[in-house]
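These notes concern the structure reproduced below.
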Amino acid sequence: MPAVAEPLIVWIISGEAVVEERDLGGDWAACHVRTGDFFLTRSATPYEMRWRAIGDAPFQVMHLYLSVAVFERVASDMLGGDAPPALRDVAGARDAQLSHLLALIHQELTAEGQGSEIFIHSLARCLAVHLIRHYAAAELDQDQQTALPGFRLRQAISYLQTHLAEPFSLAEVAAVVGMSEFHFSRLFKKATGMSPSRYLIRQRIARAQVPPTGSGWTWTITRRLMLPRREARNSGEQRRDLRSR
1 MPAVAEPLIV
11 WIISGEAVVE
21 ERDLGGDWAA
31 CHVRTGDFFL
41 TRSATPYEMR
51 WRAIGDAPFQ
61 VMHLYLSVAV
71 FERVASDMLG
81 GDAPPALRDV
91 AGARDAQLSH
101 LLALIHQELT
111 AEGQGSEIFI
121 HSLARCLAVH
131 LIRHYAAAEL
141 DQDQQTALPG
151 FRLRQAISYL
161 QTHLAEPFSL
171 AEVAAVVGMS
181 EFHFSRLFKK
191 ATGMSPSRYL
201 IRQRIARAQV
211 PPTGSGWTWT
221 ITRRLMLPRR
231 EARNSGEQRR
241 DLRSR
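In terms of full-length UniProt numbering, the sequence shown has 183 at position 183, counting the first letter as 1, and numbering is strictly consecutive.
Next comes the structure, spelled out in structure tokens:
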């Protein structure tokens, strides 16, 4: 995946898969995802992603790029003159409210009813508000030694996601990323706003609250919430770019 200036959400529309990510030349970090799970990134550097579908249902996703202009306007409205916040990386998580917004966006884009562009622009602003409220990264010191590298954060989140049903062990998670328990726990909380154990509890609750949905979607879609521009993709896939005025 290339570096992206815009916040990128990858939302699982149907199916299940094992998805793996890594920084270029790094170790692969895997997580098991199913319908309703999502990834969030605004990576400043390229990284690699691969996946292997599981089961009979087609594995289909929606890639949604939120306009930098929309994101920054909403951040300014919410935070005043402060610079827009950085967003933390999220891998294979569940968020009922986010899924609801994405489902509305997908439905409106495919239906193309009267006033769709106005409605979608409103949804894009709602999406930006939600991301800033729940996924803004805690402020990091300029010294890189006090920041948890993105690939280690993804490794930790991937491990927690694949061990939701198991008792929490800080020692095991810290070992996965090659750090001491104290140092890892402190930097994880600094990056996400919560401790590793609290993050695990929230993900367990979120997964329990959101039942699997049907698999009626029939294509993979990429969306850019920004003036209407459409281009066909091969294999029956579609891509629509929507740019706000």
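Glycine included, every Cβ here is placed at the ideal spot set by N, Cα and C.
For residue i, three-class secondary structure by DSSP
{"i": "HIS32", "result": "strand"}
{"i": "GLU6", "result": "coil"}
{"i": "ASP77", "result": "helix"}
{"i": "LEU164", "result": "coil"}
{"i": "SER158", "result": "helix"}
{"i": "GLN203", "result": "helix"}
{"i": "SER195", "result": "coil"}
{"i": "GLN107", "result": "helix"}
{"i": "GLU112", "result": "coil"}
Assigned exposure category for residue i - 16 Cβ within 10 Å defines buried
{"i": "GLN114", "result": "exposed"}
{"i": "GLU16", "result": "buried"}
{"i": "ILE205", "result": "exposed"}
{"i": "GLY36", "result": "buried"}
{"i": "TRP11", "result": "buried"}
{"i": "ALA156", "result": "buried"}
{"i": "ALA191", "result": "buried"}
{"i": "ASP95", "result": "buried"}
{"i": "ALA208", "result": "exposed"}
{"i": "SER99", "result": "buried"}
{"i": "PHE182", "result": "exposed"}
{"i": "SER76", "result": "exposed"}
For residue i: DSSP bridge partner residues
{"i": "THR41", "result": "LEU8"}
{"i": "SER14", "result": "GLN60"}
{"i": "ILE54", "result": "GLU16"}
{"i": "LEU87", "result": "ALA136"}
{"i": "GLU48", "result": "ARG22"}
{"i": "ALA93", "result": "PHE38"}
Proximal residues to residue i (C-beta, below 6 Å), its chain only, five neighbours per side dropped
{"i": "GLU6", "result": "TYR65, LEU66, VAL68"}
{"i": "ARG189", "result": "Strictly speaking, residue 189 in this sequence is Lys, with Arg absent from that position. For LYS189, where only same-chain residues beyond five positions count, the Cβ hits under 6 Å are SER195."}
{"i": "TRP28", "result": "GLU20, ARG22"}
{"i": "SER197", "result": "PHE168"}
7 Å Cβ shell around residue i - same chain, five flanking residues per side excluded
{"i": "ARG52", "result": "ALA17, VAL18"}
{"i": "PHE71", "result": "PRO7, PRO84, ALA128"}
{"i": "ALA165", "result": "none"}
{"i": "VAL61", "result": "VAL10, TRP11, ILE12, ILE13, THR220"}
{"i": "SER185", "result": "LEU170, SER195, PRO196"}
{"i": "ARG154", "result": "GLU21, ALA29, ASP89, ALA91"}
Run of the alpha helix (DSSP H) containing residue i, from where it starts to where it stops
{"i": "GLU181", "result": "181-192"}
{"i": "GLU172", "result": "170-177"}
Short CB-CB distance (under 9 Å) between residue i and chain B
{"i": "ALA191", "result": "No chain B appears in this structure, which consists of one protein chain only."}
Same chain only: Cβ atoms within 8 Å of residue i, ignoring 5 sequence neighbours per side
{"i": "MET179", "result": "ARG152, LEU187"}
{"i": "residue 246", "result": "Coverage of the chain is limited to positions 1 through 245, which leaves residue 246 absent and any answer about it impossible."}
{"i": "GLN203", "result": "ALA93, ARG94, LEU160, GLN161, LEU164"}
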